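Peer 1:
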Amino acid sequence: MNAVSLVLTEPFRAATWKRVAYLLLALPAGLIGIPHLLARRLLDRDIARPAAGRLVLHALLATPLNAVALVVTVYGWSLVPMNLGWPLRAGDPAEAWGGPTFAGAWAFHALIGGVGFLLLMPWAGRGLTALQGRLAVRLLKGR
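Number 46 in the numbering used here belongs to position 46 of the sequence shown; there are no gaps in the numbering.
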């Protein structure tokens, strides 16, 4: 598969949506002490039940990364429908990016904000889950 087709199909792969689910659930799972179950299920990491001390250490050290990942994921993915549906939420297109015409403003928002973030967010998710997965393996397995 060439690079262009990979970029264009990545938002529609099951693995992408497993990573999105992990990004959304990592913060609460880490805080209630089940990050190993989430990493095993959604990131395919082989992590057995760790000792209580390792769970606490993971909760303390992974919480900032998990919080940032959650905010980036929610904000980034929310931009896709928000910009594709720009006409439903916008007022006067004269001052909008792509304006002064309605068609120009909608095209700009749909292409840059909608499709652009649709193609960008899977790669941001890959990077964030790679960091979270390495941290989980390191802290929960001790390697």
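The C-beta atom is built at its ideal place from N, Cα and C for all residues, glycine as well.
The model shown is predicted, which means the values in this text are computed figures rather than measured ones.
Is the beta carbon of I47 sitting closer than 7 Å to the one on R54?
Peer 2: Pairing I47 with R54 gives a Cβ-Cβ distance that is not under 7 Å.
Peer 1: With distances taken from CA atoms, which of R138, K141, P122 and G142 is nearest Y22?
Peer 2: P122
Peer 1: In terms of alpha-carbon separation, which member of P50, A29, P87 and L120 lies closest to V72?
Peer 2: Taking only the C-alpha atoms, the option nearest V72 is L120.
Peer 1: Quick check on the DSSP output: the alpha helix (DSSP H) that includes H58 runs from which residue to which?
Peer 2: A52 to L84
Peer 1: Grouping DSSP H, G and I as helix and E and B as strand, with all else coil, what is I112?
Peer 2: Three-state result, I112: helix.
Peer 1: Residue range of the alpha helix (DSSP H) that G30 falls in?
Peer 2: A14 to I32
Peer 1: According to DSSP, simplified to helix, strand and coil, what is M1?
Peer 2: coil
Peer 1: So, under 8 Å CB-CB, P183 and L140 are touching, yes? Tell me the CB distance rounded to an integer number of Å.
Peer 2: In the structure displayed, the chain extends from 1 to 143; residue 183 sits before or after that span and is not available.
Peer 1: Could you check the C-alpha separation between A59 and A15 for me, to the nearest Å?
Peer 2: 25 Å
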